[in-house]
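Please read the structure below before turning to the comments.
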Amino acid sequence: MNPPSSSFVVLLYLSLLFPPNTITGTSHATGEVGVLSSSSRWIVDQNGRRVKLACANWAAHLEPVMAEGLDKHPLDDIASAVRSMGFNCVRLTWPVYLATKASIASLTVNESLRRLGLVDSADGVAVNNPQILNRTLMEAFKDVVSTLEIHNIMVILDNQISIPGWCCSKFDGNGFFGDEYFDTDEWIESLKIMAATFNSSSNVIGMSLRNELRGPRQNVADWYRYMQMGAEAVHSMNPTALVILSGLDFDKTLTFLYDKQVELTFKGKLVFELHWYGFSDGGDWENGNINVVCGNVSKNMLARGGFLLEQGWPLFLSEFGVDIRGNNPGDNHFLSCFLSVAAELDLDWAIWALQGSYYIREGQPNLDETYGVLSWDWSKPRNTNFLQKISAIQSPFQGPGLSNRSLYNVIFHPLTGLCVLQNKMNRKPVLDSCAEYEAWNYTSGHNLVLKDSGLCLIAEAEDNEVKFGSNCESLSSKWELITDSQMLLSTKINSNGSIVCLDINPDNNLITSSCKCLVEEGPCSGESQWFKIVYSNREESSSFSKLLSV
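Under the numbering used here, the residue at position 409 of the sequence shown is numbered 638, and the numbers go up by one with no gaps.
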(Lines of atoms letter the chains of each structure in order from A and count residues from 1; the text may use other names and numbers.)
(Lines give C-alpha, C1' and ligand atoms only; values in the text may rest on other atoms or scores of the structure.)
Protein backbone atom coordinates (compact mmCIF):
# COMPACT_ATOMS: atom_id res chain seq x y z
CA MET A 1 0.00 0.00 0.00
CA ASN A 2 1.31 3.45 -0.86
CA PRO A 3 2.07 5.80 2.05
CA PRO A 4 -0.55 8.53 2.61
CA SER A 5 0.01 11.79 0.76
CA SER A 6 1.09 14.85 2.71
CA SER A 7 -2.25 16.50 1.97
CA PHE A 8 -4.09 13.53 3.46
CA VAL A 9 -2.00 13.75 6.62
CA VAL A 10 -2.76 17.48 6.91
CA LEU A 11 -6.50 16.85 6.51
CA LEU A 12 -6.43 14.07 9.09
CA TYR A 13 -4.65 16.38 11.53
CA LEU A 14 -7.19 19.14 10.90
CA SER A 15 -10.13 16.78 11.36
CA LEU A 16 -8.88 16.12 14.89
CA LEU A 17 -7.96 19.73 15.61
CA PHE A 18 -11.20 21.16 14.21
CA PRO A 19 -13.79 18.35 14.15
CA PRO A 20 -17.19 18.77 12.45
CA ASN A 21 -19.45 21.15 14.28
CA THR A 22 -21.97 19.20 16.33
CA ILE A 23 -23.81 22.32 17.40
CA THR A 24 -24.84 23.95 14.11
CA GLY A 25 -26.05 20.70 12.58
CA THR A 26 -23.35 20.73 9.92
CA SER A 27 -22.10 17.28 10.84
CA HIS A 28 -25.44 16.02 9.55
CA ALA A 29 -26.20 15.48 5.90
CA THR A 30 -27.06 18.69 4.12
CA GLY A 31 -30.56 17.39 3.49
CA GLU A 32 -31.12 17.28 7.25
CA VAL A 33 -30.34 21.00 7.49
CA GLY A 34 -32.96 21.41 4.78
CA VAL A 35 -34.67 24.66 3.91
CA LEU A 36 -33.49 27.65 5.93
CA SER A 37 -35.53 30.69 6.91
CA SER A 38 -35.12 33.87 8.90
CA SER A 39 -36.77 34.19 12.29
CA SER A 40 -36.21 37.56 13.91
CA ARG A 41 -32.39 38.03 13.85
CA TRP A 42 -31.66 34.32 13.43
CA ILE A 43 -31.27 31.95 10.49
CA VAL A 44 -33.09 28.75 11.42
CA ASP A 45 -33.85 25.31 10.02
CA GLN A 46 -37.29 23.78 9.47
CA ASN A 47 -37.54 22.96 13.18
CA GLY A 48 -36.80 26.53 14.20
CA ARG A 49 -33.28 25.66 15.39
CA ARG A 50 -30.43 28.11 14.89
CA VAL A 51 -28.11 27.38 11.98
CA LYS A 52 -25.00 29.53 12.13
CA LEU A 53 -23.22 30.36 8.88
CA ALA A 54 -19.45 30.00 9.25
CA CYS A 55 -18.36 30.41 5.64
CA ALA A 56 -15.33 30.86 3.43
CA ASN A 57 -15.45 32.92 0.23
CA TRP A 58 -14.37 30.90 -2.81
CA ALA A 59 -13.79 33.09 -5.83
CA ALA A 60 -15.07 31.98 -9.26
CA HIS A 61 -15.71 35.39 -10.81
CA LEU A 62 -12.32 36.32 -12.27
CA GLU A 63 -11.38 36.11 -15.95
CA PRO A 64 -11.20 32.28 -16.16
CA VAL A 65 -14.78 32.16 -14.73
CA MET A 66 -14.10 29.05 -12.68
CA ALA A 67 -13.50 28.24 -9.03
CA GLU A 68 -9.90 29.03 -8.12
CA GLY A 69 -7.38 26.33 -7.28
CA LEU A 70 -8.52 23.46 -9.47
CA ASP A 71 -5.10 23.48 -11.11
CA LYS A 72 -3.45 23.02 -7.72
CA HIS A 73 -5.47 20.32 -5.97
CA PRO A 74 -8.31 17.85 -6.57
CA LEU A 75 -11.77 19.36 -6.11
CA ASP A 76 -12.79 16.67 -3.65
CA ASP A 77 -9.73 17.35 -1.50
CA ILE A 78 -10.46 21.08 -1.46
CA ALA A 79 -14.04 20.45 -0.33
CA SER A 80 -12.75 18.08 2.33
CA ALA A 81 -10.31 20.75 3.53
CA VAL A 82 -13.16 23.26 3.86
CA ARG A 83 -14.97 20.88 6.21
CA SER A 84 -11.82 19.93 8.10
CA MET A 85 -11.03 23.58 8.81
CA GLY A 86 -14.41 23.97 10.50
CA PHE A 87 -16.36 25.84 7.82
CA ASN A 88 -19.92 24.72 7.13
CA CYS A 89 -20.56 27.00 4.19
CA VAL A 90 -18.99 28.48 1.05
CA ARG A 91 -19.90 31.84 -0.44
CA LEU A 92 -19.24 30.95 -4.07
CA THR A 93 -18.84 33.97 -6.32
CA TRP A 94 -19.93 34.27 -9.96
CA PRO A 95 -20.11 36.96 -12.67
CA VAL A 96 -23.33 37.90 -14.49
CA TYR A 97 -21.79 36.89 -17.81
CA LEU A 98 -21.54 33.25 -16.72
CA ALA A 99 -25.34 33.15 -16.76
CA THR A 100 -26.12 35.49 -19.67
CA LYS A 101 -23.31 35.10 -22.22
CA ALA A 102 -23.38 31.75 -24.00
CA SER A 103 -20.01 32.61 -25.52
CA ILE A 104 -18.55 32.39 -21.98
CA ALA A 105 -20.70 29.73 -20.32
CA SER A 106 -20.14 27.30 -23.21
CA LEU A 107 -16.35 27.56 -23.12
CA THR A 108 -14.64 24.50 -21.73
CA VAL A 109 -12.33 24.85 -18.76
CA ASN A 110 -9.40 24.05 -21.03
CA GLU A 111 -10.46 26.67 -23.58
CA SER A 112 -11.04 29.35 -20.96
CA LEU A 113 -7.61 28.95 -19.41
CA ARG A 114 -5.72 28.69 -22.69
CA ARG A 115 -7.43 31.75 -24.22
CA LEU A 116 -5.89 33.72 -21.33
CA GLY A 117 -2.46 32.19 -21.92
CA LEU A 118 -2.70 30.17 -18.71
CA VAL A 119 -1.17 27.02 -20.15
CA ASP A 120 0.37 25.92 -16.85
CA SER A 121 -3.02 26.24 -15.15
CA ALA A 122 -4.69 24.18 -17.86
CA ASP A 123 -2.01 21.53 -17.47
CA GLY A 124 -2.53 21.61 -13.70
CA VAL A 125 -6.28 21.02 -14.10
CA ALA A 126 -5.49 18.10 -16.42
CA VAL A 127 -3.42 16.53 -13.62
CA ASN A 128 -5.53 17.36 -10.56
CA ASN A 129 -9.07 17.50 -11.99
CA PRO A 130 -9.05 15.79 -15.38
CA GLN A 131 -12.79 15.12 -15.12
CA ILE A 132 -13.61 18.82 -15.56
CA LEU A 133 -11.00 19.82 -18.16
CA ASN A 134 -13.44 19.52 -21.05
CA ARG A 135 -16.54 20.48 -19.10
CA THR A 136 -18.12 23.84 -19.90
CA LEU A 137 -17.64 26.63 -17.42
CA MET A 138 -21.25 26.34 -16.24
CA GLU A 139 -20.90 22.56 -15.89
CA ALA A 140 -17.68 23.01 -13.92
CA PHE A 141 -19.43 25.52 -11.65
CA LYS A 142 -22.17 22.96 -11.03
CA ASP A 143 -19.53 20.34 -10.28
CA VAL A 144 -18.11 22.53 -7.54
CA VAL A 145 -21.55 22.98 -5.98
CA SER A 146 -22.35 19.26 -6.14
CA THR A 147 -18.97 18.30 -4.65
CA LEU A 148 -19.53 20.69 -1.78
CA GLU A 149 -22.93 19.03 -1.29
CA ILE A 150 -21.27 15.61 -0.99
CA HIS A 151 -19.21 17.06 1.86
CA ASN A 152 -22.28 18.55 3.56
CA ILE A 153 -21.23 22.12 2.87
CA MET A 154 -23.87 24.78 2.37
CA VAL A 155 -23.46 27.21 -0.54
CA ILE A 156 -24.40 30.84 -0.97
CA LEU A 157 -24.24 31.99 -4.58
CA ASP A 158 -22.81 35.50 -4.64
CA ASN A 159 -23.09 37.71 -7.71
CA GLN A 160 -19.74 39.40 -7.34
CA ILE A 161 -19.56 41.37 -10.58
CA SER A 162 -20.91 41.52 -14.15
CA ILE A 163 -17.91 41.27 -16.50
CA PRO A 164 -15.44 38.67 -15.20
CA GLY A 165 -12.48 40.16 -13.37
CA TRP A 166 -11.15 41.34 -10.03
CA CYS A 167 -13.51 43.30 -7.82
CA CYS A 168 -13.70 46.12 -6.85
CA SER A 169 -13.08 49.71 -7.92
CA LYS A 170 -15.32 52.76 -7.89
CA PHE A 171 -14.70 53.21 -11.60
CA ASP A 172 -14.65 49.64 -12.99
CA GLY A 173 -18.04 49.95 -14.67
CA ASN A 174 -19.47 47.19 -12.44
CA GLY A 175 -20.28 49.23 -9.38
CA PHE A 176 -23.89 50.35 -9.53
CA PHE A 177 -27.11 49.85 -11.40
CA GLY A 178 -26.81 51.30 -14.90
CA ASP A 179 -23.00 51.43 -15.01
CA GLU A 180 -21.27 50.45 -18.25
CA TYR A 181 -21.19 46.72 -17.44
CA PHE A 182 -24.14 46.72 -15.05
CA ASP A 183 -27.25 46.43 -17.20
CA THR A 184 -30.11 46.02 -14.74
CA ASP A 185 -32.28 43.87 -17.03
CA GLU A 186 -29.36 41.54 -17.69
CA TRP A 187 -28.59 41.37 -13.98
CA ILE A 188 -32.18 40.45 -13.14
CA GLU A 189 -32.13 37.78 -15.82
CA SER A 190 -28.86 36.34 -14.47
CA LEU A 191 -30.35 36.09 -10.98
CA LYS A 192 -33.33 34.20 -12.37
CA ILE A 193 -31.11 31.84 -14.35
CA MET A 194 -28.85 31.02 -11.41
CA ALA A 195 -31.78 30.66 -8.99
CA ALA A 196 -33.55 28.28 -11.36
CA THR A 197 -30.37 26.37 -12.25
CA PHE A 198 -29.66 25.53 -8.61
CA ASN A 199 -33.25 25.20 -7.44
CA SER A 200 -32.80 21.48 -6.96
CA SER A 201 -29.39 21.73 -5.26
CA SER A 202 -30.28 21.18 -1.63
CA ASN A 203 -27.05 22.69 -0.34
CA VAL A 204 -27.61 26.03 -2.13
CA ILE A 205 -29.32 27.76 0.76
CA GLY A 206 -29.14 31.38 -0.37
CA MET A 207 -28.19 33.96 -2.98
CA SER A 208 -26.39 37.25 -2.45
CA LEU A 209 -27.85 39.64 -5.02
CA ARG A 210 -24.78 41.82 -5.67
CA ASN A 211 -21.41 42.37 -4.07
CA GLU A 212 -20.19 45.80 -2.91
CA LEU A 213 -22.43 48.33 -4.65
CA ARG A 214 -20.33 51.47 -5.09
CA GLY A 215 -19.26 54.34 -7.28
CA PRO A 216 -20.31 57.90 -8.11
CA ARG A 217 -23.78 56.86 -9.29
CA GLN A 218 -24.85 55.03 -6.13
CA ASN A 219 -27.99 56.34 -4.48
CA VAL A 220 -30.56 55.07 -2.00
CA ALA A 221 -33.62 55.39 -4.27
CA ASP A 222 -32.18 53.07 -6.91
CA TRP A 223 -30.96 50.71 -4.20
CA TYR A 224 -34.52 50.15 -2.99
CA ARG A 225 -35.90 49.90 -6.51
CA TYR A 226 -33.49 47.37 -7.92
CA MET A 227 -32.66 45.33 -4.83
CA GLN A 228 -36.36 44.73 -4.29
CA MET A 229 -36.69 43.68 -7.94
CA GLY A 230 -33.70 41.36 -7.61
CA ALA A 231 -35.07 39.81 -4.42
CA GLU A 232 -38.43 39.12 -6.07
CA ALA A 233 -36.67 37.64 -9.12
CA VAL A 234 -34.70 35.15 -7.02
CA HIS A 235 -37.71 34.21 -4.92
CA SER A 236 -39.85 33.61 -8.01
CA MET A 237 -37.37 31.02 -9.29
CA ASN A 238 -36.32 29.50 -5.95
CA PRO A 239 -38.75 30.28 -3.12
CA THR A 240 -36.76 28.17 -0.62
CA ALA A 241 -33.54 30.21 -0.90
CA LEU A 242 -32.49 32.93 1.51
CA VAL A 243 -32.28 36.27 -0.28
CA ILE A 244 -29.27 38.30 0.87
CA LEU A 245 -29.07 42.07 0.27
CA SER A 246 -25.85 44.07 0.44
CA GLY A 247 -25.45 47.74 1.26
CA LEU A 248 -23.80 50.77 -0.31
CA ASP A 249 -20.25 52.14 -0.31
CA PHE A 250 -18.54 48.76 -0.87
CA ASP A 251 -21.15 47.17 1.41
CA LYS A 252 -19.89 49.18 4.37
CA THR A 253 -23.23 50.79 5.19
CA LEU A 254 -26.88 49.86 5.58
CA THR A 255 -27.75 52.97 7.59
CA PHE A 256 -30.60 53.91 5.24
CA LEU A 257 -32.52 50.85 6.50
CA TYR A 258 -32.76 52.27 9.99
CA ASP A 259 -35.97 54.15 9.20
CA LYS A 260 -37.21 52.43 6.04
CA GLN A 261 -37.26 48.69 5.37
CA VAL A 262 -37.56 46.97 2.00
CA GLU A 263 -41.03 45.98 0.80
CA LEU A 264 -41.31 42.43 -0.52
CA THR A 265 -44.16 40.06 -1.30
CA PHE A 266 -42.60 37.25 0.75
CA LYS A 267 -41.44 36.83 4.34
CA GLY A 268 -39.01 34.69 6.28
CA LYS A 269 -36.23 34.67 3.66
CA LEU A 270 -34.58 38.06 3.96
CA VAL A 271 -30.99 38.48 5.21
CA PHE A 272 -28.77 41.56 5.03
CA GLU A 273 -25.02 41.50 4.54
CA LEU A 274 -22.17 43.81 5.53
CA HIS A 275 -18.41 43.85 4.93
CA TRP A 276 -15.77 44.78 7.49
CA TYR A 277 -12.04 45.14 6.82
CA GLY A 278 -9.46 46.85 8.99
CA PHE A 279 -8.06 48.78 6.02
CA SER A 280 -11.37 50.54 5.36
CA ASP A 281 -13.11 50.89 8.73
CA GLY A 282 -11.49 54.21 9.63
CA GLY A 283 -9.45 52.78 12.49
CA ASP A 284 -5.74 53.53 12.92
CA TRP A 285 -4.87 49.95 13.78
CA GLU A 286 -1.12 50.39 13.42
CA ASN A 287 -0.53 53.65 15.29
CA GLY A 288 -3.58 54.25 17.46
CA ASN A 289 -4.40 53.13 20.98
CA ILE A 290 -6.12 49.84 20.25
CA ASN A 291 -8.57 50.12 23.15
CA VAL A 292 -9.82 53.41 21.74
CA VAL A 293 -9.70 52.24 18.12
CA CYS A 294 -11.57 49.00 18.82
CA GLY A 295 -14.20 50.80 20.87
CA ASN A 296 -14.77 53.39 18.14
CA VAL A 297 -14.93 51.06 15.14
CA SER A 298 -17.15 48.61 17.02
CA LYS A 299 -19.67 51.37 17.69
CA ASN A 300 -19.37 52.44 14.07
CA MET A 301 -20.10 48.91 12.88
CA LEU A 302 -23.26 48.84 14.99
CA ALA A 303 -24.33 52.16 13.51
CA ARG A 304 -23.60 51.04 9.93
CA GLY A 305 -25.53 47.78 10.10
CA GLY A 306 -25.43 46.08 13.47
CA PHE A 307 -28.62 47.86 14.48
CA LEU A 308 -30.51 45.47 12.21
CA LEU A 309 -29.99 42.69 14.76
CA GLU A 310 -31.81 44.74 17.39
CA GLN A 311 -34.57 45.43 14.88
CA GLY A 312 -35.00 41.68 14.35
CA TRP A 313 -33.24 41.07 11.02
CA PRO A 314 -30.43 38.59 10.31
CA LEU A 315 -27.10 40.23 9.49
CA PHE A 316 -24.51 38.19 7.60
CA LEU A 317 -20.96 39.60 7.77
CA SER A 318 -20.23 38.18 4.32
CA GLU A 319 -16.65 39.46 4.06
CA PHE A 320 -13.92 40.13 6.58
CA GLY A 321 -10.25 39.36 6.20
CA VAL A 322 -6.66 39.90 7.27
CA ASP A 323 -3.17 38.93 6.19
CA ILE A 324 -3.33 35.39 7.55
CA ARG A 325 0.44 35.03 7.73
CA GLY A 326 0.16 37.00 10.98
CA ASN A 327 3.00 39.47 10.33
CA ASN A 328 0.88 42.61 9.82
CA PRO A 329 0.50 44.35 13.22
CA GLY A 330 -2.50 46.41 12.12
CA ASP A 331 -4.34 43.36 10.82
CA ASN A 332 -3.54 41.44 14.00
CA HIS A 333 -5.03 44.21 16.15
CA PHE A 334 -8.09 44.38 13.91
CA LEU A 335 -8.59 40.61 14.02
CA SER A 336 -8.73 40.47 17.81
CA CYS A 337 -11.25 43.30 17.86
CA PHE A 338 -13.32 41.72 15.10
CA LEU A 339 -13.42 38.36 16.87
CA SER A 340 -14.63 40.01 20.06
CA VAL A 341 -17.52 41.68 18.20
CA ALA A 342 -18.34 38.55 16.19
CA ALA A 343 -18.51 36.56 19.42
CA GLU A 344 -20.51 39.13 21.37
CA LEU A 345 -23.11 39.54 18.58
CA ASP A 346 -22.80 35.88 17.54
CA LEU A 347 -22.68 36.91 13.90
CA ASP A 348 -23.06 34.76 10.82
CA TRP A 349 -19.95 35.39 8.71
CA ALA A 350 -17.76 34.52 5.73
CA ILE A 351 -14.01 35.03 5.63
CA TRP A 352 -12.24 36.39 2.59
CA ALA A 353 -10.91 34.05 1.43
CA LEU A 354 -10.58 30.31 0.93
CA GLN A 355 -8.27 30.52 -2.08
CA GLY A 356 -4.55 30.43 -1.53
CA SER A 357 -3.80 31.74 -5.02
CA TYR A 358 -5.43 32.76 -8.30
CA TYR A 359 -5.09 31.51 -11.86
CA ILE A 360 -4.65 35.17 -12.72
CA ARG A 361 -5.51 38.35 -10.87
CA GLU A 362 -5.11 41.86 -12.26
CA GLY A 363 -2.81 40.52 -14.97
CA GLN A 364 -0.54 38.51 -12.68
CA PRO A 365 -0.66 34.70 -13.04
CA ASN A 366 -0.43 32.50 -9.95
CA LEU A 367 -0.80 35.43 -7.58
CA ASP A 368 -0.50 34.49 -3.91
CA GLU A 369 -3.55 35.46 -1.80
CA THR A 370 -2.16 36.38 1.60
CA TYR A 371 -5.74 36.66 2.91
CA GLY A 372 -6.35 33.03 1.91
CA VAL A 373 -6.80 30.37 4.59
CA LEU A 374 -5.11 27.86 2.28
CA SER A 375 -1.47 28.01 1.22
CA TRP A 376 -0.39 29.14 -2.25
CA ASP A 377 -0.35 25.54 -3.52
CA TRP A 378 -3.66 24.72 -1.76
CA SER A 379 -2.07 21.76 0.05
CA LYS A 380 -2.39 22.93 3.67
CA PRO A 381 -3.67 25.74 5.87
CA ARG A 382 -1.64 28.90 5.58
CA ASN A 383 -1.61 29.37 9.36
CA THR A 384 -3.09 26.86 11.83
CA ASN A 385 -2.85 29.46 14.61
CA PHE A 386 -5.32 31.57 12.67
CA LEU A 387 -7.71 28.64 12.43
CA GLN A 388 -7.49 28.24 16.20
CA LYS A 389 -8.42 31.90 16.66
CA ILE A 390 -11.57 31.70 14.54
CA SER A 391 -12.66 28.25 15.74
CA ALA A 392 -14.67 29.66 18.65
CA ILE A 393 -16.94 31.70 16.37
CA GLN A 394 -17.58 28.77 14.04
CA SER A 395 -20.12 27.49 16.57
CA PRO A 396 -23.16 29.42 17.77
CA PHE A 397 -23.08 30.85 21.26
CA GLN A 398 -26.82 31.35 21.40
CA GLY A 399 -30.05 31.13 19.45
CA PRO A 400 -33.36 29.31 19.28
CA GLY A 401 -33.44 25.54 19.66
CA LEU A 402 -29.87 25.07 20.91
CA SER A 403 -30.95 24.01 24.39
CA ASN A 404 -33.43 24.66 27.17
CA ARG A 405 -30.79 26.39 29.25
CA SER A 406 -31.16 29.97 30.39
CA LEU A 407 -28.50 32.42 29.28
CA TYR A 408 -25.12 32.27 30.97
CA ASN A 409 -21.75 33.91 30.31
CA VAL A 410 -18.67 32.66 28.49
CA ILE A 411 -15.30 34.43 28.87
CA PHE A 412 -13.67 34.56 25.43
CA HIS A 413 -10.04 35.53 24.81
CA PRO A 414 -9.89 36.74 21.18
CA LEU A 415 -6.10 36.86 20.87
CA THR A 416 -5.87 33.09 21.32
CA GLY A 417 -9.41 32.07 20.34
CA LEU A 418 -9.71 30.24 23.68
CA CYS A 419 -12.07 30.54 26.63
CA VAL A 420 -11.55 30.72 30.40
CA LEU A 421 -12.43 27.35 31.95
CA GLN A 422 -11.79 25.39 35.12
CA ASN A 423 -9.16 22.72 34.63
CA LYS A 424 -10.84 19.38 35.35
CA MET A 425 -7.70 17.95 36.93
CA ASN A 426 -6.30 20.65 39.24
CA ARG A 427 -9.45 22.86 39.32
CA LYS A 428 -7.44 25.97 38.39
CA PRO A 429 -8.53 28.68 35.93
CA VAL A 430 -7.11 27.97 32.47
CA LEU A 431 -7.47 28.97 28.83
CA ASP A 432 -8.78 26.09 26.75
CA SER A 433 -10.95 25.30 23.75
CA CYS A 434 -14.25 27.17 23.65
CA ALA A 435 -15.83 23.92 22.43
CA GLU A 436 -15.91 22.83 26.08
CA TYR A 437 -17.98 25.63 27.50
CA GLU A 438 -17.84 26.77 31.12
CA ALA A 439 -20.96 28.52 32.43
CA TRP A 440 -20.09 31.77 34.19
CA ASN A 441 -22.17 34.50 35.76
CA TYR A 442 -20.85 38.06 35.57
CA THR A 443 -22.80 39.55 38.44
CA SER A 444 -24.04 43.09 39.04
CA GLY A 445 -21.43 43.22 41.80
CA HIS A 446 -18.67 42.56 39.20
CA ASN A 447 -17.89 39.02 40.35
CA LEU A 448 -16.98 36.33 37.83
CA VAL A 449 -18.67 33.26 39.31
CA LEU A 450 -18.74 29.66 38.10
CA LYS A 451 -22.45 28.91 37.98
CA ASP A 452 -22.13 25.26 38.95
CA SER A 453 -19.88 25.68 41.98
CA GLY A 454 -20.38 29.30 43.08
CA LEU A 455 -16.62 29.84 43.15
CA CYS A 456 -15.39 33.21 41.97
CA LEU A 457 -12.25 34.33 40.14
CA ILE A 458 -9.77 35.98 42.49
CA ALA A 459 -6.53 37.86 41.85
CA GLU A 460 -3.43 37.48 43.96
CA ALA A 461 -0.19 39.43 43.63
CA GLU A 462 0.69 41.17 40.36
CA ASP A 463 2.17 38.76 37.78
CA ASN A 464 0.88 35.79 39.77
CA GLU A 465 -1.71 33.34 38.53
CA VAL A 466 -5.35 33.96 39.38
CA LYS A 467 -7.31 31.38 41.36
CA PHE A 468 -10.79 30.29 42.34
CA GLY A 469 -12.09 31.02 45.83
CA SER A 470 -15.23 31.31 47.90
CA ASN A 471 -14.60 34.81 49.29
CA CYS A 472 -16.55 36.75 46.70
CA GLU A 473 -16.67 39.90 48.86
CA SER A 474 -12.95 40.69 48.63
CA LEU A 475 -11.73 43.56 46.45
CA SER A 476 -9.63 41.16 44.40
CA SER A 477 -12.74 39.21 43.38
CA LYS A 478 -14.37 42.28 41.77
CA TRP A 479 -13.64 42.62 38.05
CA GLU A 480 -14.66 45.83 36.32
CA LEU A 481 -14.65 46.24 32.54
CA ILE A 482 -12.68 49.37 31.63
CA THR A 483 -11.51 51.39 28.59
CA ASP A 484 -13.42 52.06 25.36
CA SER A 485 -12.90 48.46 24.27
CA GLN A 486 -14.80 47.21 27.35
CA MET A 487 -12.51 44.17 27.35
CA LEU A 488 -10.00 44.92 30.11
CA LEU A 489 -11.07 43.17 33.33
CA SER A 490 -9.53 45.22 36.13
CA THR A 491 -9.38 44.49 39.84
CA LYS A 492 -7.61 45.68 42.98
CA ILE A 493 -5.02 43.61 44.79
CA ASN A 494 -5.80 43.55 48.49
CA SER A 495 -2.19 43.91 49.59
CA ASN A 496 -1.70 47.44 48.30
CA GLY A 497 -4.90 48.41 46.49
CA SER A 498 -3.14 48.76 43.13
CA ILE A 499 -5.21 48.15 40.00
CA VAL A 500 -4.25 45.26 37.73
CA CYS A 501 -5.88 43.55 34.77
CA LEU A 502 -6.49 39.95 33.82
CA ASP A 503 -3.79 38.84 31.39
CA ILE A 504 -1.94 35.81 30.06
CA ASN A 505 1.76 35.06 30.30
CA PRO A 506 3.87 33.52 27.50
CA ASP A 507 2.70 30.06 28.60
CA ASN A 508 -0.97 31.12 28.30
CA ASN A 509 -1.40 30.94 32.08
CA LEU A 510 -3.99 33.36 33.47
CA ILE A 511 -2.33 36.05 35.56
CA THR A 512 -2.82 39.70 36.50
CA SER A 513 -0.48 42.44 35.34
CA SER A 514 -0.40 46.21 35.00
CA CYS A 515 -3.25 47.36 32.78
CA LYS A 516 -2.07 48.14 29.25
CA CYS A 517 -2.98 50.83 26.71
CA LEU A 518 -4.79 53.10 29.16
CA VAL A 519 -3.27 56.24 27.62
CA GLU A 520 -5.28 57.40 24.62
CA GLU A 521 -2.40 58.54 22.44
CA GLY A 522 0.19 56.39 20.71
CA PRO A 523 0.43 52.79 19.53
CA CYS A 524 0.41 49.89 21.94
CA SER A 525 -0.29 46.17 21.91
CA GLY A 526 -2.50 45.05 24.73
CA GLU A 527 -4.66 42.32 23.18
CA SER A 528 -3.37 39.79 25.71
CA GLN A 529 -5.61 41.60 28.23
CA TRP A 530 -8.72 41.53 26.03
CA PHE A 531 -11.46 39.29 27.40
CA LYS A 532 -14.97 39.44 25.98
CA ILE A 533 -17.87 38.38 28.19
CA VAL A 534 -20.35 36.68 25.87
CA TYR A 535 -23.88 35.42 26.43
CA SER A 536 -24.62 31.80 25.55
CA ASN A 537 -27.41 29.25 25.90
CA ARG A 538 -25.86 26.25 24.17
CA GLU A 539 -25.36 22.99 25.95
CA GLU A 540 -22.00 22.52 27.59
CA SER A 541 -20.11 19.82 25.70
CA SER A 542 -16.86 17.94 26.15
CA SER A 543 -17.08 16.20 22.77
CA PHE A 544 -14.30 18.31 21.27
CA SER A 545 -11.92 17.70 24.16
CA LYS A 546 -12.57 13.98 23.97
CA LEU A 547 -11.60 13.98 20.31
CA LEU A 548 -8.48 16.00 21.03
CA SER A 549 -7.40 13.50 23.69
CA VAL A 550 -7.56 10.54 21.27
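Even for Gly, the Cβ is constructed at its ideal location relative to N, Cα and C.
Item: Measuring straight from C-alpha to C-alpha, what distance separates N700 and Q623?; Value: 36 Å
Item: Go to G435, then tell me how far its beta strand (DSSP E) extends in each direction, as first and last residue.; Value: V433 to S437
Item: Secondary structure at L538, three-state DSSP: helix, strand or coil?; Value: helix
Item: Can you tell me the Cβ-Cβ gap for L503 and L483, rounded? I've got them flagged as a contact below 8 Å.; Value: 6 Å
Item: Would you list, in sequence order, the uninterrupted alpha helix (DSSP H) runs of no fewer than 4 residues that lie entirely inside the stretch 291 to 327?; Value: 304 to 313
Item: Measuring CB to CB, does L660 end up less than 8 Å from L739?; Value: yes
Item: Please determine, among C566, W323, F406 and N652, the residue with the shortest C-alpha to C-alpha distance to A369.; Value: W323
Item: My assumption, with CB atoms under 8 Å, is that V491 sits in contact with P543. Please give the rounded CB distance.; Value: Actually they are not in contact, since the Cβ atoms of V491 and P543 sit about 13 Å apart, beyond 8 Å.
Item: Sort out for me which residues DSSP pairs M383 with in a bridge.; Value: C318
Item: Can you give the beta carbon distance from Y587 to L291, rounded, assuming they're within the 8 Å contact cut?; Value: 6 Å
Item: Under the DSSP definition of a beta bridge, which residues are partnered with T365?; Value: T337
Item: Would you check if the stretch 326 to 343 and the stretch 394 to 407 touch, i.e. whether three or more CB-CB distances between them fall below 8 Å?; Value: no
Item: When the distance is taken between beta carbons, is E749 closer than 8 Å to V521?; Value: yes
Item: Among Y764, L710 and N766, which one has its Cα closest to the Cα of G524?; Value: L710
Item: Taking all protein chains shown into account, do 16 or more other C-beta atoms lie within 10 angstroms of the C-beta of I434, making it buried, or fewer, making it exposed?; Value: buried
Item: Buried or exposed for A283, please, with buried defined as at least 16 other CB atoms from any protein chain shown within 10 angstroms of its CB.; Value: buried
Item: Give me the DSSP bridge partner(s) of T482.; Value: L477
Item: For E694, which of helix, strand or coil comes out of DSSP?; Value: strand
Item: Does DSSP put A664 in a helix, a strand or coil?; Value: coil
Item: To the nearest whole angstrom, what separates the beta carbons of W578 and L546, a pair I think is in contact under 8 Å?; Value: 4 Å
Item: Opposite C730 in the DSSP bridges: which residues?; Value: S719 and S742
Item: Given a cut-off of 8 Å, decide if M466 and A424 are closer than it, judged by their beta-carbon atoms.; Value: yes
Item: Using the Cα positions of A462 and L493, report the straight-line distance between them to the nearest angstrom.; Value: 11 Å
Item: For L704, count neighbouring Cβ atoms within 10 angstroms of its own Cβ and tell me buried if that reaches 16, exposed if not.; Value: exposed
Item: Pick helix, strand or coil for R343, following the three-state DSSP scheme.; Value: helix
Item: Taking DSSP as the reference, what is the three-state secondary structure of A355?; Value: helix
Item: Taking D713 as part of the alpha helix (DSSP H), name the residues at either end of that continuous run.; Value: Per DSSP, D713 belongs to no alpha helix (DSSP H) and is neither H nor E.
Item: Express the C-alpha separation of N440 and D480 in angstroms, rounding to a whole number.; Value: 7 Å
Item: Taking only three categories from DSSP, how would you classify K371?; Value: helix
Item: Please name the residue or residues paired with P610 in a DSSP beta bridge.; Value: L603
Item: So for K281, helix, strand or coil by DSSP?; Value: coil
Item: Taking DSSP's pairing of strands, which residues face H642 in a bridge?; Value: L647
Item: Roughly how many angstroms separate the alpha carbons of R364 and T413, rounded to a whole number?; Value: 29 Å
Item: Buried or exposed for L304, going by 16 or more other Cβ atoms inside 10 Å?; Value: buried
Item: Straight-line CA distance for I385 to E702?; Value: 51 Å
Item: Assuming the contact rule is C-beta atoms closer than 8 Å, I687 and S662 should be a hit. Round their C-beta distance to whole Å, please.; Value: No, I687 and S662 are not in contact; Cβ-Cβ is about 24 Å, not under 8 Å.
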